[in-house]
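Single-structure report; data block below.
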Amino acid sequence: MRVGVRRRVLCHVAPLVFSVLALWAAGCGSDESDRPDSPPAAPKASAEKKANGLVGRIDASLARAACFLVSKQSEDGAWRSETYGCFRDGPELTPHVLSCLFFLPQGGESVRPAFDKGASFLMGLVTKDGKIDPGPRGLNFPVFTAGSASRVVVLEKKDEPHLRARAAWLAYLRERQLVEANGWQFTSLSYGGWGFSIDVPKLPHVGGDAGRFYESNLVATLFGIAALRSAQVPQDDPTYEKALVFVTRCQNFSDNPAKGDPYYDDGGFFFIPSDPAQNKAGIAGTDKWGRRRFHSYGSMTADGLRALLRCGVPASAPRVVAARRWLEVNFTVDMNPGTFAPDRETLRNSTYFYYCWSLAHAFMALGTDEAVTEKGGVRWAEALGEALVQRQRPDGTWRNVYTDAKEDDPLVATPWSASALAICRGVITGEHVAIGRPCVTEMAKPKVADEP
Numbered sequence: 005m006r007v008g009v010r011r012r013v014l015c016h017v018a019p020l021v022f023s024v025l026a027l028w029a030a031g032c033g034s035d036e037s038d039r040p041d042s043p044p045a046a047p048k049a050s051a052e053k054k055a056n057g058l059v060g061r062i063d064a065s066l067a068r069a070a071c072f073l074v075s076k077q078s079e080d081g082a083w084r085s086e087t088y089g090c091f092r093d094g095p096e097l098t099p100h101v102l103s104c105l106f107f108l109p110q111g112g113e114s115v116r117p118a119f120d121k122g123a124s125f126l127m128g129l130v131t132k133d134g135k136i137d138p139g140p141r142g143l144n145f146p147v148f149t150a151g152s153a154s155r156v157v158v159l160e161k162k163d164e165p166h167l168r169a170r171a172a173w174l175a176y177l178r179e180r181q182l183v184e185a186n187g188w189q190f191t192s193l194s195y196g197g198w199g200f201s202i203d204v205p206k207l208p209h210v211g212g213d214a215g216r217f218y219e220s221n222l223v224a225t226l227f228g229i230a231a232l233r234s235a236q237v238p239q240d241d242p243t244y245e246k247a248l249v250f251v252t253r254c255q256n257f258s259d260n261p262a263k264g265d266p267y268y269d270d271g272g273f274f275f276i277p278s279d280p281a282q283n284k285a286g287i288a289g290t291d292k293w294g295r296r297r298f299h300s301y302g303s304m305t306a307d308g309l310r311a312l313l314r315c316g317v318p319a320s321a322p323r324v325v326a327a328r329r330w331l332e333v334n335f336t337v338d339m340n341p342g343t344f345a346p347d348r349e350t351l352r353n354s355t356y357f358y359y360c361w362s363l364a365h366a367f368m369a370l371g372t373d374e375a376v377t378e379k380g381g382v383r384w385a386e387a388l389g390e391a392l393v394q395r396q397r398p399d400g401t402w403r404n405v406y407t408d409a410k411e412d413d414p415l416v417a418t419p420w421s422a423s424a425l426a427i428c429r430g431v432i433t434g435e436h437v438a439i440g441r442p443c444v445t446e447m448a449k450p451k452v453a454d455e456p
């Protein structure tokens, strides 16, 4: 597909306005500790002042990110990579960018037209009979694209055409779940999840070739589950129950302690139970039952916790409690945490920005603003927000020095980072903002369908 000429758009940056709103939301306008004759500021007031200063820098950071993203939009409304061929067709990166851009009103007047044009591009992939036209080469990442697109097309407009488009993307997503309709049975390690296969993942015949990446993995499965939840598919839909089968197989946890192994059952998650090569942290060892075990690591534990919650598992359930405990005990904003095999250490931070994004979602889903680490409570949104602001480049982008997960492409890393930063801002201030929607000053977290 020919890459469209990118338009240059002047972004109207308004970080000062958002900083003032954040200060007002925190009550700083009436803080008596600012008066010359007031007593010395209490620790709480000092913490609030520090947080408000961070909010101003977050807004400036998000404005720069929005400006960069808008400037990289092609004439047809899509986003295309200048780094990787698998991201140059448009459908792969466009919903990824739009999922972030909708929540960046700091970018000014250019953001909404860019979002609308991008959403129209995704709408154009839906045929008159309600099918998805993936083009002659198909979609390189069908689950990732369909899961994000199904949500993006109804973020701003929920009229009949947009609802039909969402239904088409959801149908495209559903047919790619590894369940009975595609020949998969409960006994398969991949049963219930989604994977990265370009084609519909039919169970191969004995001795047959299943194709590349047909197996379910935790990342694709989370995107599948999240799309259904965003569309408010009822919790009693069997899709969730089947997906939960796969999700639990990716957790180092045993529902029956008598059949577990405390040495390995730390509550964390890994990417895939069927392929050692695809688990970035590597093999942890063999447990007392002779089973091969994998190391837990941060990005997957955040994904796993979110997947449990999206499948309807209560926050008080042992599996969720164990996953939360893992994230809190191992909490860090400096790296993707976990024990990595020596030969896998170079892969640790290849998904750093994805880790930040999923971690922010996980803690927001839990409704907590504090991570209880072994050294005490940490206000995670402030810590993560500070780390991301410092890692942003002058041109408004985030880029990873590691290439394994393609986060060296700014159109991959910047939406992950800016979305995480927008969540941090919302947790700090209680203002969950989006284009076309005024700021609110309430601490309730946004609905599932309105999360960046």
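Under this note's numbering, the first residue of the sequence shown carries the number 5, and numbering increases by one thereafter. Ideal placement from N, C-alpha and C gives every residue a C-beta, glycine not left out. A quick note: this is a predicted structure, and the numbers were derived from the prediction, not measured.
Exercise. What did DSSP end up calling Tyr356 once you bin it into helix, strand or coil?
Worked result: Of the three classes helix, strand and coil, the one that applies to Tyr356 here is helix, per DSSP.
Exercise. What runs of the alpha helix (DSSP H), each 4 residues or longer, lie entirely inside the segment 239 to 322?
Worked result: List check, alpha helix (DSSP H) in window: 242 to 253, 302 to 314.
For this session: For the segment 325 to 338 and the segment 261 to 275, state whether three or more C-beta atom pairs, one from each stretch, are separated by less than 8 Å.
Result: Judged by Cβ distances under 8 Å, the segment 325 to 338 makes contact with the segment 261 to 275, as three or more pairs qualify.
Exercise. Rounded to the nearest angstrom, how far is the Cβ of Glu435 from that of Thr355, given a contact under 8 Å?
Worked result: In fact, because the Cβ distance is near 29 Å, the residues do not count as touching under 8 Å.
Problem set entry | Touch test, the segment 184 to 197 against the segment 143 to 153, Cβ-Cβ under 8 Å, three pairs minimum | Contact fails: fewer than three Cβ-Cβ distances are below 8 Å.
Exercise. By Cβ distance below 6 Å, which residues in the same chain neighbour Lys121 in space, the five residues on each side in sequence not counted?
Worked result: Closer than 6 Å at the Cβ level, and outside the excluded window around Lys121, lie Gly81.
Exercise. Do you know how far the Cα of Tyr301 is from the Cα of Thr343?
Worked result: If I take the Cα positions, the gap works out to 7 Å.
Exercise. For Trp420, does the three-state DSSP call read helix, strand or coil?
Worked result: Three-state DSSP puts Trp420 in a helix.
For this session: State the start and end residues of the unbroken beta strand (DSSP E) segment that holds Val204.
Result: Segment: none, Val204 is in no beta strand (DSSP E) and carries neither H nor E.
Exercise. What is the DSSP secondary structure of Ile136, reduced to helix, strand or coil?
Worked result: Strand.
For this session: Please name the residue in Pro165, Phe125, Pro280, Arg168 whose C-alpha comes closest to that of Pro95.
Result: Ranking Pro165, Phe125, Pro280, Arg168 by CA distance to the CA of Pro95 puts Phe125 first.
Exercise. Considering only residues of the same chain and omitting the five flanking positions on each side of Asp461, which have a CB-CB separation below 8 Å?
Worked result: With the chain represented from 5 up to 456, any question about residue 461 goes unanswered, as that position is not in the structure.
For this session: Specify the secondary structure class of Ser85 as computed by DSSP and reduced to three states.
Result: Here DSSP, grouped into helix, strand and coil, assigns Ser85 to coil.
For this session: State buried or exposed for Asp63, treating a residue as buried only when at least 16 other CB atoms are found within 10 Å of its CB.
Result: With 16 or more other Cβ atoms within 10 Å, it is buried.
For this session: Compute the Euclidean distance between the alpha carbons of Leu2 and Ala285, then round it to the nearest angstrom.
Result: Limits of the chain in this structure are 5 at one end and 456 at the other, which puts residue 2 out of reach.
For this session: State the DSSP-derived secondary structure class of Val237, mapped to helix, strand or coil.
Result: Residue state, collapsed to three classes: coil.
Exercise. Under a Cβ-count criterion, where at least 16 other Cβ atoms within 10 Å of its own Cβ denotes burial, should Gly294 be classed as buried or exposed?
Worked result: Sixteen is the threshold: since fewer than 16 other Cβ atoms of the shown chains lie within 10 Å of the Cβ of Gly294, the residue is exposed.
For this session: Consult DSSP for Trp188 and reduce its assignment to one of helix, strand or coil.
Result: DSSP places Trp188 in coil when its eight states are reduced to three.
Exercise. Excluding sequence positions up to five away, which residues of its chain have a Cβ less than 6 Å from the Cβ of Ser476?
Worked result: Past the boundaries of the shown model lies residue 476; the chain is included only from 5 to 456, so the question cannot be answered.
Problem set entry | Trp198 versus Arg180 - alpha carbon distance | Using only the alpha carbons, I get a separation of about 7 Å.
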